[in-house]
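Some notes on the structure that comes next.
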Amino acid sequence: MYENDNITSTPKRCALTEVTNSSYVSPTANLKLLTNVALQYPTPPPSAVHRKEKSLQILCDKFLNLYPLHCNGTMEIQLDSTAARLGVEKRRMYDIINILEAMQCAVHKRKNTYLWHGGSRLNSFLKMLKKQGENLRLSEALRGRAPKPPAPKHKTLGVLAQRFLMLFLVEPQNTLINLEMAVKVLIDTSNKNKTDFSPEQLDRQHKSKVRRLYDIANVFISIGLIEKVSGNLILKKPVFKYVGPYKIKKPDKTAVAIPSPITPLSVLDTQQKITPCHVYASRSKRRLEFTTPDNDTKLGVTTPPDTPSHKWDEILLVANMELNRINNGILL
DNA sequence: TATTCCCGCCAGATT
DNA sequence: AATCTGGCGGGAATA
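For the first sequence, the working numbering begins at 9 and goes up steadily by one.
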């Protein structure tokens, strides 16, 4: 049952030409007639449907209506028919499914067919992602104290999605991350001795990655893993924060002060140690509460009645980014 | 204007 | 050869 997913309303009926008599018209002739009529119409109404309504986030919402994260068992997904049902090009399905696949919500079974697992594996997978993020030393990389992870060769969108998420998992709760810094960490720009890229090429690569991250962020928002925090005062750029289900462990006592200079971020770190934060789900439509089969942790998310503003966090983190930039004169 | 990111070209992979 | 996948970036909509 597809509820009328506000798919733009059916055009009103109106006679294209008077039907003079009800004589039979061959299918071919009919098609020709329709084609001709269609051609007379000056291209479909320019933007009857607004850009926003076509966003990946909304498309993913619709997709998740068809294939819910909370579902028992599995379902088969046929990409082409799903695309048709959602009224989009198949190309868009790849954008979504690749990211969902990277989150282990689906697996590619065969041509045009995926097996949907929903979020049943998400929690355990997030744990693994966190570990991987630690192994990759992403936290240090963020601070320019460790090399960036090597560039993936295949399935870059999926890998990028995983790494992007790792950043949130590896950092203290409520850490705000913006796309610019994410790209810097996630993409190995230490041009290999191979071909030295021209500054313009590097800039294009960078911009391209940011575009991808926007796409990824949109489906993450739809899944309910992250949330966009707007209105930050320092930079206009938006920042994102993790609101997903996986409760990150308190950074146990072994985590002693990182020997880094005092930066706004390190201040933020220590503050968060003192004041344990909760994971806020806030107004996210989708509430993620999965249970892992092997389950130890209760992964539910609770929403405090009134979420305190995290303006400071924002400011600190963004400021930290600026500081870093200045400190190590990173340009791209 | 700057930011966001849809759209679809096109190349490489598969069937 | 045909079709499927998915990287990629132009440029339009939006803030």
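All C-beta atoms in this analysis are idealised placements derived from N, C-alpha and C, irrespective of residue type, glycine included.
Look up residue i in the DSSP assignment and say whether it is helix, strand or coil.
| i | result |
| --- | --- |
| residue 71 | helix |
| residue 97 | coil |
| residue 205 | coil |
| residue 214 | helix |
| residue 349 | A query on residue 349 cannot be resolved here, the shown segment of the chain reaching from 9 to 340 and no further. |
| residue 251 | coil |
| residue 59 | helix |
| residue 65 | helix |
| residue 236 | strand |
| residue 185 | strand |
| residue 272 | Per-residue confidence for residue 272 stands at a pLDDT of 32, beneath the threshold of 50, marking its modelled position as unreliable; the derived number appears in the next sentence. DSSP places residue 272 in helix when its eight states are reduced to three. |
Where does the unbroken alpha helix (DSSP H) through residue i begin, and where does it stop?
| i | result |
| --- | --- |
| residue 123 | Counting along the chain, residue 123 falls outside any alpha helix (DSSP H), though it belongs to the beta strand (DSSP E) covering 121 to 124. |
| residue 169 | 164 to 178 |
| residue 128 | Element bounds for residue 128: n/a, residue is neither H nor E. |
| residue 77 | Careful: residue 77 lies outside any alpha helix (DSSP H) and carries neither H nor E. |
| residue 149 | 146 to 150 |
Just curious, the beta strand (DSSP E) that residue i is in, first and last residue?
| i | result |
| --- | --- |
| residue 111 | It is not in any beta strand (DSSP E) - residue 111 carries neither H nor E in the DSSP assignment. |
| residue 86 | 83 to 86 |
Please report how far the alpha carbon of residue i lies from the alpha carbon of residue j, in whole angstroms.
| i | j | result |
| --- | --- | --- |
| residue 188 | residue 152 | 14 Å |
| residue 67 | residue 250 | 21 Å |
| residue 226 | residue 216 | 16 Å |
| residue 84 | residue 128 | 15 Å |
| residue 146 | residue 72 | 30 Å |
| residue 245 | residue 186 | 7 Å |
| residue 69 | residue 123 | 18 Å |
| residue 63 | residue 228 | 13 Å |
| residue 253 | residue 184 | 17 Å |
| residue 90 | residue 101 | 8 Å |
| residue 78 | residue 65 | 18 Å |
| residue 230 | residue 236 | 11 Å |
| residue 207 | residue 213 | 10 Å |
| residue 76 | residue 133 | 18 Å |
| residue 149 | residue 233 | 22 Å |
| residue 88 | residue 106 | 15 Å |
| residue 74 | residue 209 | 40 Å |
| residue 311 | residue 61 | Here the model assigns residue 311 a pLDDT of 27, short of 50, so the residue's position is not dependable, and the following value carries that caveat. Roughly 28 Å separates the two Cα atoms. |
| residue 86 | residue 103 | 15 Å |
| residue 142 | residue 181 | 15 Å |
| residue 195 | residue 161 | 12 Å |
| residue 300 | residue 205 | Unreliable placement is indicated for residue 300, whose pLDDT of 32 sits below 50; the coordinate value is still reported in the next sentence. When rounded, the distance between both Cα atoms is 45 Å. |
| residue 59 | residue 248 | 22 Å |
| residue 192 | residue 224 | 16 Å |
| residue 158 | residue 121 | 30 Å |
| residue 131 | residue 93 | 29 Å |
| residue 144 | residue 57 | 43 Å |
| residue 82 | residue 126 | 7 Å |
| residue 165 | residue 190 | 14 Å |
| residue 163 | residue 80 | 28 Å |
Say the cut is 7 Å; is the CB of residue i nearer than that to a heavy atom of the ligand NAP?
| i | result |
| --- | --- |
| residue 246 | For the ligand NAP, the structure offers nothing, since it holds no ligand at all. |
Do the stretch 167 to 182 and the stretch 98 to 112 touch if we need at least three Cβ pairs shorter than 8 Å? By the Cβ test, the stretch 167 to 182 is in contact with the stretch 98 to 112, since at least three Cβ pairs between them sit closer than 8 Å.
Determine contact between the stretch 86 to 102 and the stretch 216 to 225, defined as no fewer than three beta-carbon pairs at a distance below 8 Å. Counting C-beta pairs closer than 8 Å gives fewer than three between the stretch 86 to 102 and the stretch 216 to 225, which falls short of the contact rule.
Examine the Cβ distances between the stretch 115 to 124 and the stretch 145 to 163 and report whether three or more of them are shorter than 8 Å. Under the Cβ criterion (8 Å, minimum of three pairs), the stretch 115 to 124 does not count as touching the stretch 145 to 163.
Is there contact between the stretch 129 to 137 and the stretch 172 to 184, where contact requires at least three CB pairs shorter than 8 Å? Yes, the stretch 129 to 137 is in contact with the stretch 172 to 184.
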